[in-house]
Amino acid sequence: MELTTLELDGFRNYTHARLSLDGGCNVIYGENAQGKTNLLEAVAYLAALKSSRARSDKELIAFDAAEAVVKGEVQARDRTFQLEARIPRGRAKRFTLNGVAQRGGAAAAGALHTVYFCPEDLFLIREGAAARRRFLDTALCQLRPRYVEALGKYRRVYENKTRILRDSEEHPDYLSALPEFNEQLTVYGAVLIHYRARFCESLQTYAAAAHGECSGGREALALRYETVKTVTDPFAAQDVLRGQLWEHLEQHSRAEHAARLCLSGPHKDDIEVLIDGMSAKAYSSQGQTRTAALSMKLAEREIYKNTIGEYPVLLLDDVLSELDPRRQEFVLNRIGGGQVLITCCEDDRLSRLLQGKTFHIQSGAVI
608 MELTTLELDG
618 FRNYTHARLS
628 LDGGCNVIYG
638 ENAQGKTNLL
648 EAVAYLAALK
658 SSRARSDKEL
668 IAFDAAEAVV
678 KGEVQARDRT
688 FQLEARIPRG
698 RAKRFTLNGV
708 AQRGGAAAAG
718 ALHTVYFCPE
728 DLFLIREGAA
738 ARRRFLDTAL
748 CQLRPRYVEA
758 LGKYRRVYEN
768 KTRILRDSEE
778 HPDYLSALPE
788 FNEQLTVYGA
798 VLIHYRARFC
808 ESLQTYAAAA
818 HGECSGGREA
828 LALRYETVKT
838 VTDPFAAQDV
848 LRGQLWEHLE
858 QHSRAEHAAR
868 LCLSGPHKDD
878 IEVLIDGMSA
888 KAYSSQGQTR
898 TAALSMKLAE
908 REIYKNTIGE
918 YPVLLLDDVL
928 SELDPRRQEF
938 VLNRIGGGQV
948 LITCCEDDRL
958 SRLLQGKTFH
968 IQSGAVI
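Mapping the sequence shown onto the working numbering, position 356 (from 1) lands on 963, and the numbers just tick up by one.
The structure is reproduced here in structure tokens:
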């Protein structure tokens, strides 16, 4: 998979930019706050129609622009795809694939896949469950169109149920709608658990191998998918999962009414990370947690390769500066075989080590 061109108009601090990218390595360098990260964000946005950095799409629009536009040409599966995302100020975003309007992110995910690795991801292990759940959702939304649909519907039902519980004291009659919403939560929740469990199983295989290599065989990494306790086997058939989720909701219904909150469910799922059998979040050193997070991201890339038959576009945002020399070498040895966009402040070392193209960014322009 290769992004051959990227074009921006009114996106973040870019008035206009067009890059013809190398199919291998692309080094993007410049001083801080010039727009290097914004380029990677634009590529990731084309893949998922969502930014991991912005709270809302309007933040992506340049201050003096009426809309932000991101265009890209992708070569994948022996085909050419023309992708265009338009984010008008005050109106809904629009996405076209080969000139045809599309609805939702699933169509974009079918044409372009990315793995985005930024300095904040190095602390993925130490953060709360929401960070690891976001990691799961971002990966699976690119890989599985059915997951995109189920996640969106689960979130809408969850929000409606939360609203009912919150307002139940003033409007007790609202509670009569809860059984219907609970039924929907079990249907969509079972789909989420189905895909998350299988993704985590593959993630464990590849991440353990990467972590062992990076640590010189001195440490063993293990990943364990965690969901609600009534789900005894997350690999069970979805009708079994639905029944077990319903049991869970029944057990917690009284507590939810009292708290007026949705207390637990797949929206609280997590990945437990263990190093040598101990909780990495609680007991691991900074170097160990960085290696574990790095291994999870590289494992994500391998899963994409096995699923779609091609490496996704790898986006590395100033990650090497956060790593010691041994881990830097490990990353550089692992990123071959597919297209890479990597940012840094100085291009000297990377341009010598990595064959491809170099782009100098200054004040939102390629110079």
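Glycine included, C-beta positions come from ideal geometry on N, C-alpha and C.
Review point. Using a Cβ-Cβ cut-off of 6 Å (strictly less than) and excluding sequence neighbours within five positions of residue 627, which residues of its own chain qualify?
Key: Your numbering for residue 627 matches position 20 in the sequence shown. Counting only Cβ-Cβ distances below 6 Å, and skipping sequence neighbours, we find 612.
Point to revise | Boundaries (first-last residue) of the beta strand (DSSP E) holding residue 723 | key: By one-based count along the sequence shown, residue 723 stands at place 116. Annotation: the continuous beta strand (DSSP E) that includes residue 723 extends over 721-724.
Check your understanding: Just how far apart, CA to CA, sit residue 896 and residue 929?
Key -> Your numbering for residue 896 matches position 289 in the sequence shown. Your numbering for residue 929 matches position 322 in the sequence shown. If you take the alpha carbons of residue 896 and residue 929, they lie about 13 Å apart.
Practice item. Return the CA-CA distance between residue 931 and residue 728, expressed in angstroms with no decimal places. Key: For the purposes of this step, residue 931 is taken as the residue at position 324 of the sequence shown. For the purposes of this step, residue 728 is taken as the residue at position 121 of the sequence shown. Here the alpha carbons of residue 728 and residue 931 stand approximately 16 Å from one another.
Point to revise | Neighbour-count burial assignment, residue 687, 16 or more Cβ in a 10 Å radius | key: Stepping through the sequence shown from its first residue, residue 687 is reached at position 80. So residue 687 counts as exposed.
Exercise for review: Within 10 angstroms of the Cβ of residue 749, are there 16 or more other Cβ atoms? Answer buried if so, exposed if not.
Suggested key: Position 142 of the sequence shown, counted from the first residue, corresponds to residue 749. Buried.
Exercise for review: Flag this pair as yes or no: are the beta carbons of residue 927 and residue 633 separated by less than 8 Å?
Suggested key: The residue given as residue 927 occupies position 320 in the sequence shown. The residue given as residue 633 occupies position 26 in the sequence shown. In this structure, residue 927 keeps its C-beta atom at 8 Å or more from the C-beta atom of residue 633.
Review point. What do you reckon, are the CB atoms on residue 906 and residue 817 nearer than 8 Å?
Key: Sequence index remark: in the sequence shown, residue 906 carries index 299 (1-based). Sequence index remark: in the sequence shown, residue 817 carries index 210 (1-based). It is a contact, given that the beta carbons lie within the stated cut-off.
Check your understanding: Does the beta-carbon of residue 696 have 16 or more other beta-carbons within 10 angstroms, so that it is buried, or is it exposed?
Key -> If you number the sequence shown from 1, residue 696 lands on position 89. Within a 10 Å sphere around the beta-carbon of residue 696 sit fewer than 16 other beta-carbons, which makes this residue exposed.
Point to revise | Cβ-Cβ separation, residue 660 to residue 674 (assumed contact under 8 Å), whole Å | key: Translated into the one-based positions of the sequence shown, residue 674 becomes position 67. Translated into the one-based positions of the sequence shown, residue 660 becomes position 53. Contact between residue 674 and residue 660 fails: their C-beta atoms lie close to 19 Å from each other, not under 8 Å.
Check your understanding: Can you tell me whether residue 692 is buried or exposed, with buried defined as 16 or more other CB within 10 angstroms of its CB?
Key -> Here residue 692 corresponds to residue number 85 of the sequence shown, with the count starting at 1. Residue 692 is buried by the Cβ-count criterion.
Check your understanding: How about residue 792 and residue 690: are their beta carbons less than 8 Å apart?
Key -> In the sequence shown, counting from the first residue as 1, residue 792 sits at position 185. In the sequence shown, counting from the first residue as 1, residue 690 sits at position 83. For residue 792 and residue 690, no; Cβs fall outside 8 Å.
Review point. What is the residue span of the alpha helix (DSSP H) that residue 742 lies within?
Key: Here the question's residue 742 lines up with position 135 in the sequence shown. Here the alpha helix (DSSP H) through residue 742 covers 736-750.
Exercise for review: In the DSSP assignment, find the unbroken beta strand (DSSP E) run with residue 674 in it and report its ends.
Suggested key: Translated into positions along the sequence shown, residue 674 becomes position 67. Residue 674 -> beta strand (DSSP E) spans 674-683.
Review point. From residue 638 to residue 624, what does the alpha carbon distance come to, in whole angstroms?
Key: Here residue 638 refers to the residue found at position 31 when the sequence shown is read from its first residue. Here residue 624 refers to the residue found at position 17 when the sequence shown is read from its first residue. Answer to the nearest angstrom: the Cα atoms are 18 Å apart.
Practice item. Return the CA-CA distance between residue 720 and residue 942, expressed in angstroms with no decimal places. Key: Residue numbering aside, residue 720 sits at position 113 when the sequence shown is read from its first letter. Residue numbering aside, residue 942 sits at position 335 when the sequence shown is read from its first letter. The alpha-carbon of residue 720 is positioned some 15 Å away from that of residue 942.
Check your understanding: In or out: residue 940 buried (at least 16 other Cβ within 10 Å) or exposed?
Key -> Within the sequence shown, the letter at position 333 stands for residue 940. Residue 940 comes out exposed.
Exercise for review: Using three-state DSSP, classify residue 636 as helix, strand or coil.
Suggested key: Position 29 of the sequence shown holds residue 636. Looking at residue 636 - three-state DSSP - the assignment turns out to be strand.
Check your understanding: Does DSSP put residue 918 in a helix, a strand or coil?
Key -> Counted from its first residue, the sequence shown places residue 918 at position 311. In this structure, DSSP gives residue 918 a state outside helix and strand, which the three-state scheme calls coil.
**Study point:** Residues of its chain near residue 762, where Cβ-Cβ distance is below 7 Å and the 5 sequence neighbours each way are ignored
**Key:** Position 155 of the sequence shown, counted from the first residue, corresponds to residue 762. Around residue 762: no qualifying Cβ.
Review point. Quick one, which of 654, 700, 917 and 684 has its alpha-carbon nearest residue 666's?
Key: Here residue 666 corresponds to residue number 59 of the sequence shown, with the count starting at 1. The option with the nearest alpha carbon to residue 666 is 700.
Exercise for review: Thinking residue 631 and residue 963 are a contact (beta carbons under 8 Å), I'd like their distance in whole angstroms, please.
Suggested key: Translated into the one-based positions of the sequence shown, residue 631 becomes position 24. Translated into the one-based positions of the sequence shown, residue 963 becomes position 356. With a Cβ gap of about 4 Å, residue 631 and residue 963 count as contacting.
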